[in-house]
Amino acid sequence: MELDLDESSLAIGRIERALSRIEKALADQPNRLKSSVATPVADQSALKAEVAAVIGELDRLIAEADRG
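FYI, the numbering for the sequence shown is 1 to 68, going by our numbering.
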């Protein structure tokens, strides 16, 4: 299955939004750390999931680019 331009644009949009969420979470992290001793596990899991999603989208785009 070859990605067309619309699908590629959507994938890039998903990557940009995920990176934006990661950036915001990392920027907010010092504020949360002041009020608690450790970062909640849920926050860490959410960031890991976002990073995994970005990596998955990038892998998909790279694989399609290699084929096309």
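In this text, a Cβ means the ideal position worked out from N, Cα and C, and glycines have one as well.
Per DSSP, reduced to three states, the secondary structure at Asp4 is coil, with no helix or strand assignment. By the neighbour-count criterion, in which 16 or more other beta carbons inside 10 Å mark a residue as buried, Ala18 falls on the buried side. Secondary structure of Pro30 (DSSP, three-state): helix.
If you draw a straight line from the Cα of Ser20 to the Cα of Asp4, it is about 24 Å long.
Linking Glu57 to Ala27 through their CA atoms gives a straight-line distance of about 23 Å. Going by beta carbons, Leu61 and Ser8 fall inside the 8 Å limit.
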